[in-house]
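Colleague:
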Amino acid sequence: MRPRASIFCFLAAAVLAACPPPSKGSGSSAAGGKAVIDTESQPKEKDPRLAAAVATIGDRKITVGQLERAINKQNPYVRMRYASVAQRKRFLKNMVRLEVLAAEARKRGLYKDPEVIRRAKRVLVDRLLQQLHKNLVKLEDITDADVQAFYDKHKERYHQAAKVRVSMVVAKTKAIASKVLALAKKKRTDTRYFAQLVNEYSVDPATKVRRGDLDFFEADSKKYAPEVVKQAFAIKGLWGLSEPFKTKGGWAVLLKTGERAEINRPLELEKNRIRNRLFNMRRFTKVNDYVKSLRAKAAVKIDEKNLASVKIETSKTTKLPRGGGHHKH
């Protein structure tokens with residue numbers, strides 16, 4: 131995460147979260163219609179070492195535990211920088227700086243700013259989705275039977291015969307086909323050139339309309355004449371050419387433009403990949419179902435008339451705020 135983004139995330143949480151707490155007797159946040167997030171209260175540390183203050187800012191403090199957690203959230207390579215006390219002090223100074231800025235922002239009432247509120251909501255939603263992703267489905271919930279069922283249902287993904295792709299010119303005579311072969315050899319990797327040869331010399335309307343392309347097919351394909359399939363699989367290497375051969379309607383020349391090797395991946399090789407796929411699919415479904423249930427409980431109503439009255443500025447480009455957009459869940 132970029133430093134600027136890190137600073138904003140901290141401020142958004144700290145500033146908005148520091149909205150004045152509800153007074154006694156004001157009821158729950160739900161009763162007031164507005165949620166109040168409290169960042170003034172600090173996590174209670176059971177370990178005295180972690181509870182000790184490493185820095186104080188007025189009546190607030192940064193504890194050893196807070197500093198440890200902040201540093202340990204970094205990746206291992208970054209954490210190595212803070213092995214020395216001097217480097218830890220630099221990190222701590224940044225935390226102090228953020229606390230000072232957050233205090234000033236609170237003092238200015240920026241927790242009421244609509245953009246701060248909007249972004250803080252996004253932080254809350256992101257954290258909620260993290261919890262849902264973590265708790266709704268576990269990887270171990272995906273059984274071996276689930277994996278086997280998916281594998282059996284999608285066998286075509288894991289077992290495929292070898293395929294080739296060719297383009298074909300069907301000439302009227304063997305002599306013309308030989309001429310086409312000689313011309314094709316000059317630019318055998320140029321499919322556009324071969325398409326021109328098809329357009330000029332082919333007498334087969336069915337393949338001519340496709341510029342000679344027969345697409346991929348297998349060795350047991352019934353889509354094309356047996357001699358075409360046989361010759362296609364006899365060509366060695368990509369961009370190889372067949373000798374002229376007799377087929378329905380004339381003499382053919384083939385250019386191999388693609389090949390796919392046989393696929394034969396046993397279950398044991400795919401088990402972990404399938405398990406992870408099913409886990410992600412099930413998690414996505416569970417989260418979506420949960421969000422739908424929340425929408426139902428919230429009794430959402432959309433006023434179509436007022437929606438239609440929304441005016442969209444289209445005369446100039448509007449710069450979107452960072453983190454703009456919406457959650458898909």
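In our numbering, the protein residues as written are 131 to 459.
Where is the CB? At the ideal position from N, CA and C, for every residue including glycine.
Which word fits Y241, buried or exposed, when buried means at least 16 other C-beta atoms lie within 10 angstroms of its C-beta?
Modeller: Sequence index remark: in the sequence shown, residue 241 carries index 111 (1-based). The residue is buried, with at least 16 neighbouring Cβ atoms inside 10 Å.
Colleague: Just the Cα atoms here: how many angstroms apart are A349 and K360?
Modeller: Walking along the sequence shown from the start, residue 349 turns up at place 219. Walking along the sequence shown from the start, residue 360 turns up at place 230. Approximately 7 Å, taken between the alpha carbons.
Colleague: Are the beta-carbon atoms of I365 and Y331 separated by less than 7 Å?
Modeller: As a working note, residue 365 is residue 235 in the sequence shown. As a working note, residue 331 is residue 201 in the sequence shown. Against a cut-off of 7 Å, the Cβ pair of Y331 and I365 comes out as no contact.
Colleague: Using alpha carbons as the reference points, say which of A235, I192 and L311 lies closest to K386.
Modeller: Taking the first residue of the sequence shown as 1, we reach residue 386 at position 256. The option with the nearest alpha carbon to K386 is L311.
Colleague: Whole-angstrom Cβ separation of E392 and Y288, contact assumed at under 8 Å?
Modeller: Start at 1 with the first residue of the sequence shown, and residue 392 comes out as number 262. Start at 1 with the first residue of the sequence shown, and residue 288 comes out as number 158. Incorrect: roughly 11 Å between the Cβ atoms, too far for contact.
Colleague: Please classify Q217 as buried or exposed, where buried requires at least 16 neighbouring CB atoms within 10 angstroms.
Modeller: Here residue 217 refers to the residue found at position 87 when the sequence shown is read from its first residue. Flag for Q217 reads exposed.
Colleague: Are the beta-carbon atoms belonging to M298 and L384 less than 7 Å from one another?
Modeller: Position 168 of the sequence shown holds residue 298. Position 254 of the sequence shown holds residue 384. In contact: M298 and L384 (Cβ atoms closer than 7 Å).
Colleague: So what's V339 in DSSP terms, helix, strand or just coil?
Modeller: Numbered from its first residue, the sequence shown carries residue 339 at position 209. Coil.
Colleague: Over what stretch of residues does the alpha helix (DSSP H) that includes E373 continue unbroken?
Modeller: The sequence position of residue 373 within the sequence shown is 243, counting from 1. Looking at the DSSP string, E373 is not in any alpha helix (DSSP H), and its letter there is neither H nor E.
Colleague: Given this structure, state the Cα-to-Cα distance separating G200 from V430, to the nearest angstrom.
Modeller: In the sequence shown, the residue the question calls residue 200 occupies position 70. In the sequence shown, the residue the question calls residue 430 occupies position 300. Checking the sequence, you will find Ala at residue 200 rather than Gly. Using only the alpha carbons, I get a separation of about 39 Å.
Colleague: Could you name the residues that DSSP lists as bridge partners for A185?
Modeller: Walking along the sequence shown from the start, residue 185 turns up at place 55. BP columns for A185 point to I192.
Colleague: If you measure between the beta carbons of F324 and A314, is that distance less than 7 Å?
Modeller: Translated into the one-based positions of the sequence shown, residue 324 becomes position 194. Translated into the one-based positions of the sequence shown, residue 314 becomes position 184. Yes. Within cutoff.
Colleague: Output the distance between the C-alpha atoms of R252 and G239, rounded to the nearest integer angstrom.
Modeller: Reading the sequence shown from its first residue, position 122 is the one you call residue 252. Reading the sequence shown from its first residue, position 109 is the one you call residue 239. Roughly 20 Å between the two C-alpha positions.
Colleague: Closest Cβ-Cβ distance between M225 and chain D: below 7 Å?
Modeller: Absent from the structure: chain D. Only one protein chain is present.
Colleague: Pull up the CB-CB distance for L327 and R295, whole angstroms please, since I reckon it's below 8 Å.
Modeller: Taking the first residue of the sequence shown as position 1, residue 327 is located at position 197. Taking the first residue of the sequence shown as position 1, residue 295 is located at position 165. Rounded, the Cβ-Cβ distance is 17 Å, inconsistent with contact.
Colleague: Spell out a yes or no on whether the stretch 223–231 and the stretch 261–274 are touching, meaning 3 or more CB-CB pairs, one atom from each, closer than 8 Å.
Modeller: Not touching, per the Cβ criterion.
Colleague: Leaving out five residues before and five after K317 in sequence, what residues of the same chain have Cβ atoms less than 6 Å from its Cβ?
Modeller: Position 187 of the sequence shown, counted from the start, is the residue given in the question as residue 317. These residues qualify, in order along the chain: Y323.
Colleague: If you count every other CB in all the chains shown that lies within 10 Å of the CB of G367, and 16 or more means buried, which is it?
Modeller: Here residue 367 corresponds to residue number 237 of the sequence shown, with the count starting at 1. It counts as exposed.
Colleague: Can you look up A314 in the DSSP assignment and give me helix, strand or coil?
Modeller: Position 184 of the sequence shown, counted from the first residue, corresponds to residue 314. Note: A314 maps to helix in three-state DSSP.
Colleague: Contact check, G379 vs V300 under 8 Å by CB: the rounded distance?
Modeller: Numbered from 1 along the sequence shown, position 249 holds the residue referred to as residue 379. Numbered from 1 along the sequence shown, position 170 holds the residue referred to as residue 300. Rounded, the Cβ-Cβ distance is 6 Å, consistent with contact.
Colleague: Just to confirm the assignment, what range does the alpha helix (DSSP H) spanning R403 have?
Modeller: Against the sequence shown, residue 403 aligns to sequence position 273. Per DSSP, R403 belongs to the alpha helix (DSSP H) from L397 to K427.
Colleague: For H289, which beta-bridge partners are listed by DSSP?
Modeller: Here residue 289 refers to the residue found at position 159 of the sequence shown. The partner list for H289 (beta bridge, DSSP) reads N394.
Colleague: Spatial neighbours of V230 within its chain, please: CB distance less than 7 Å, with the 5 preceding and 5 following residues excluded, ordered by chain position.
Modeller: As a working mapping, residue 230 is identified with position 100 in the sequence shown. Contacts found: I187.
Colleague: Taking the beta carbon of A232 as the centre, do at least 16 other beta carbons fall within 10 Å, making it buried, or is it exposed?
Modeller: Locating residue 232 in the sequence shown gives position 102, counting from the first residue. Classification for A232: buried.
Colleague: Do F409 and I272 have their beta-carbon atoms positioned less than 7 Å apart in this structure?
Modeller: By 1-based counting over the sequence shown, the position of residue 272 is 142. By 1-based counting over the sequence shown, the position of residue 409 is 279. In this structure, F409 lies closer than 7 Å to I272 by Cβ.
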